[in-house]
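Chains as they are written, first to last, in our numbering: chain A, 24 to 181; chain B, 24 to 181.
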């Protein structure tokens, strides 16, 4: 089980955009340069975040990305699901209904106990990521970083 | 992010072995047949569970697998980590220290806020899986399944 590198990239970019001057956008080259990320690969993740309604993409010569909502209204889970998709990591194949031990369908009206507990664990993971917003994330930056990144992103914004 | 199919297989097999007569082993063919699983592919997961100390492998003509500990002492997380390995799904690449926005190393003594929250979510997931044992799992079977599986596994055991 492995999360895409795009999760780290997307969260850092969202946190950086949270510090951009209101209404301004940052080009993907500006975001990529800030963290030394490959532009074309980052672009795919930024597009996924725009499709998921986390970012707003502005086209044209002064175009770029900004957060689609205030940073306090975007959870870490929103970004993770934008990049990874909402599919749970465990997908029950109902093997209890197969083989010499096959359980008859009438005994399988309730979800399999294994499916149920994996779903519960997935919910605990998502709840944890839903409890933190992009605004919270920026508040947890070490002293001075918020101000420094705000300055840098203002220069990159248009 | 996706868990290996082996997680479902491993948990079902561990739950089945929890019902085997004490001290008896079940051959991999017996486990595979119960759930109509491909024997050679299942064998890899059973071996991984044995390496992780979840199963005990007995070699020879009357060999096979049994649980290495009482089912109340094996957690679902033990099985999941045996199959998936203990590596967390998120691995921080410290991109905060790269690019035009690079944070100096002296400001990076504490883990990145993003790394910290992803680690916290992973802990919530593992805590949830650690809270359930293989014995609990069998207790959650629908009525009659425990007895039926115990009968079937006794026939397959040697």
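Heads up, the beta-carbon is just placed ideally off N, CA and C, and yes, glycines get one too. Computed from a predicted structure; not experimentally measured.
Beta-carbon neighbours of residue i, restricted to chain B and to distances below 8 Å
| i | result |
| --- | --- |
| residue 143(A) | 151 |
Interface partners of residue i on chain A, CB under 9 Å
| i | result |
| --- | --- |
| residue 99(B) | 137, 140, 141 and 144 |
| residue 77(B) | Residues of chain A passing the Cβ test: none, with the nearest at roughly 15 Å. |
| residue 107(B) | 24 |
Proximity test, Cβ basis, 8 Å: residue i and chain B
| i | result |
| --- | --- |
| residue 163(A) | yes |
| residue 35(A) | yes |
| residue 112(A) | yes |
| residue 42(A) | no |
| residue 90(A) | no |
| residue 133(A) | yes |
| residue 31(A) | yes |
Interface residues of chain A facing residue i [CB-CB closer than 7 Å]
| i | result |
| --- | --- |
| residue 58(B) | 118, 121, 122 and 124 |
| residue 28(B) | 116 |
Contact with chain A by residue i, beta-carbon distance below 8 Å
| i | result |
| --- | --- |
| residue 170(B) | no |
| residue 147(B) | yes |
| residue 24(B) | yes |
| residue 69(B) | no |
| residue 130(B) | yes |
Residue i and residue j closer than 8 Å at C-beta
| i | j | result |
| --- | --- | --- |
| residue 27(B) | residue 157(B) | no |
| residue 180(B) | residue 75(B) | no |
| residue 121(B) | residue 58(A) | yes |
| residue 175(A) | residue 98(B) | no |
| residue 66(B) | residue 51(B) | yes |
| residue 118(A) | residue 90(B) | no |
| residue 169(A) | residue 161(A) | yes |
| residue 30(A) | residue 103(A) | yes |
| residue 25(B) | residue 47(A) | no |
| residue 187(B) | residue 73(B) | A query on residue 187(B) cannot be resolved here, the shown segment of chain B reaching from 24 to 181 and no further. |
| residue 171(A) | residue 165(B) | no |
| residue 108(A) | residue 68(A) | no |
Amino acids of chain B, ordered along the chain, whose beta-carbon sits closer than 9 Å to that of residue i
| i | result |
| --- | --- |
| residue 65(A) | The premise fails here: residue 65(A) is roughly 11 Å from chain B at the closest Cβ pair, so nothing lies under 9 Å. |
Interface partners of residue i on chain B, CB under 7 Å
| i | result |
| --- | --- |
| residue 155(A) | 140 |
Any C-beta of chain D under 8 Å from that of residue i
| i | result |
| --- | --- |
| residue 113(A) | Here the protein chains are A and B, and chain D is not one of them. |
Fill in: the region 136-144 of chain A touching the region 113-120 of chain B, judged by at least three CB pairs closer than 8 Å
Taking one beta carbon from each stretch, the region 136-144 of chain A and the region 113-120 of chain B have fewer than 3 pairs nearer than 8 Å; the two do not touch.
Worksheet item: Between the region 90-97 of chain A and the region 113-132 of chain A, do at least 3 Cβ pairs fall closer than 8 Å?
Response: At 8 Å Cβ cutoff, the stretches do not touch.
Worksheet item: Unbroken alpha helix (DSSP H) runs of length 4 or more, entirely within the region 105-163 of chain B: which are they?
Response: Counting only runs of 4 or more, we get 136-153 and 157-162.
Worksheet item: Does the region 73-83 of chain A touch the region 141-153 of chain A, meaning 3 or more C-beta pairs lie closer than 8 Å?
Response: Too few Cβ pairs lie closer than 8 Å, so no.
Practice prompt. Pick out the complete alpha helix (DSSP H) segments inside the region 57-101 of chain B, 4 residues or longer, and give them in chain order.
Written response: Runs of the alpha helix (DSSP H) lying entirely within the region 57-101 of chain B and spanning at least 4 residues, in chain order: 62-74.
Worksheet item: Quick check: the region 32-49 of chain A against the region 61-77 of chain A, are there 3 or more CB pairs under 8 Å?
Response: Three or more beta-carbon pairs separated by less than 8 Å link the region 32-49 of chain A to the region 61-77 of chain A, which places the two stretches in contact.
Practice prompt. Please go through the region 24-52 of chain B and give each complete alpha helix (DSSP H) segment of 4 or more residues, from N-terminal end onward.
Written response: Segments of the alpha helix (DSSP H) lying fully in the region 24-52 of chain B: 28-40.
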